[in-house]
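Please read the structure below before turning to the comments.
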Amino acid sequence: QVQLVESGGGLVQAGGSLRLSCAASGIIFSINAMGWYRQAPGKQRELVADITRGGFTNFADSVKGRFTISRDNAKNTVYLQMNSLEPEDTAVYYCTAALAGGLRYWGQGTQVTVSS
């Protein structure tokens, strides 16, 4: 079992910044990649960014150049720095951890709202 606790969501004006954090606990040695997905009302959940234990990153095209993802393996924490936020970034953001065997865990989600 892996538990994921997210923090850092909130309300921000367009052009502003937020940083999301996700701390993992439990069977953390089996975690390969960690990352963030988001789901806006009426839309499917989509990948925002992820990062492997070795530091390889992957971003959705819509956030490239605006968002960065980092990982502190010692603290078992992943961060999503979101800059130049747009109203289209409004969504519930979910932290995720992918285990080597293919199992995936999800956090409870944190709301990000960007006002125009």
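First residue of the sequence shown? That's 1206 in this note's numbering, and the numbers climb one at a time after it. Ideal Cβ placement from N, Cα and C applies to all residues, glycine included. Small disclaimer: the values here were computed from a predicted structure and weren't measured.
- Per DSSP, Ala1279 has no beta bridge partner at all.
- Straight-line spacing of the CA atoms in Ala1303 and Ala1229 works out to 11 Å.
- When only Cα atoms are considered, Tyr1298 and Gly1259 end up about 23 Å apart.
- Residues of the same chain with a CB within less than 8 Å of the CB of Lys1280, apart from the 5 flanking positions on each side, are Ala1228 in chain order.
- The three-state reading of DSSP puts Glu1291 in coil, since its state is none of H, G, I, E or B.
- Ranked by Cα distance from Val1319, the first of Gly1270, Gln1244 and Ser1222 is Ser1222.
- Counting only residues of its own chain and dropping the five nearest sequence neighbours on each side, Arg1250 has a CB closer than 8 Å to the CB of Tyr1242, Arg1243, Gln1244 and Tyr1299.
- With a cutoff of 8 Å on beta-carbon distance, Glu1211 and Gly1306 are scored as not near each other.
- With a threshold of 16 other beta carbon atoms within 10 Å, Ala1219 falls short and is exposed.
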